[in-house]
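Taking it in order: structure first as structure tokens, then the write-up.
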Amino acid sequence: ERFDSRPLEDYTRWIHQILARRIDTCPERSRRYFRYLSTTDTLLHYRSMEGISQTLSQMAKRARYDSGMEKADAVLLRRYPKLEEGFELFFPELVRFASGERRLVTLRPQAEPAFASSGV
Numbered sequence: 128e129r130f131d132s133r134p135l136e137d138y139t140r141w142i143h144q145i146l147a148r149r150i151d152t153c154p155e156r157s158r159r160y161f162r163y164l165s166t167t168d169t170l171l172h173y174r175s176m177e178g179i180s181q182t183l184s185q186m187a188k189r190a191r192y193d194s195g196m197e198k199a200d201a202v203l204l205r206r207y208p209k210l211e212e213g214f215e216l217f218f219p220e221l222v223r224f225a226s227g228e229r230r231l232v233t234l235r236p237q238a239e240p241a242f243a244s245s246g247v
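In this note's numbering, the protein residues as written are 128 to 247.
In structure tokens form, the structure reads like this:
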């Protein structure tokens, strides 16, 4: 809630709605993952270290090799202050970039369908 005015529950619901509207453009494997994300509310669980740890453990079990992901939460905790500092510097830049891209998309004229110029 430091980075968006909405409560996290509302924000994750909004993200799920955006993904649901575009699910047909995704490969089948991504669609299955999206359904999993939606039914388990995984994004909301990332708010806590416990939720992140659980996800990392599940990912480690699915990995085809010994990834060590189940131990990554300890590394995350140890490096959290430095990661947070970097994110605090990066986030305003990300917002500026996204705002600029959004303006470009809304200003860009809609492309004509390919058949429009062929005289069909």
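All C-beta atoms, glycine included, are put in the ideal place defined by N, C-alpha and C.
Task: Three-pair Cβ contact test at 8 Å for the region 168 to 181 versus the region 128 to 142 - done: yes
TODO: For chain D, find out if any of its Cβ atoms is closer than 9 Å to the Cβ of Leu216; answer yes or no.
DONE: Among the chains of the structure shown, chain D does not appear; only one protein chain is present.
TODO: Pull up the distance between the alpha-carbon of Arg156 and that of Tyr163, whole angstroms please.
DONE: In the sequence shown, the residue the question calls residue 156 occupies position 29. In the sequence shown, the residue the question calls residue 163 occupies position 36. Computed Cα separation, rounded: 11 Å.
Task: Residue interval of the alpha helix (DSSP H) (run including Glu212) - done: Numbered from its first residue, the sequence shown carries residue 212 at position 85. Run containing Glu212: Ala199 to Leu234, per the alpha helix (DSSP H) assignment.
Open item on the list: For Arg158, which residues in the same chain have their Cβ closer than 7 Å to its Cβ, ignoring the five residues on either side in sequence?
Closed with: As a first step, residue 158 is located in the sequence shown; it is residue number 31 there, counting from the start. Only Ile150 meet the Cβ criterion.
Open item on the list: For a quick check, are the C-beta atoms of Ile118 and Leu210 less than 9 Å apart?
Closed with: Nothing in the structure corresponds to residue 118, since the chain is present only between 128 and 247.
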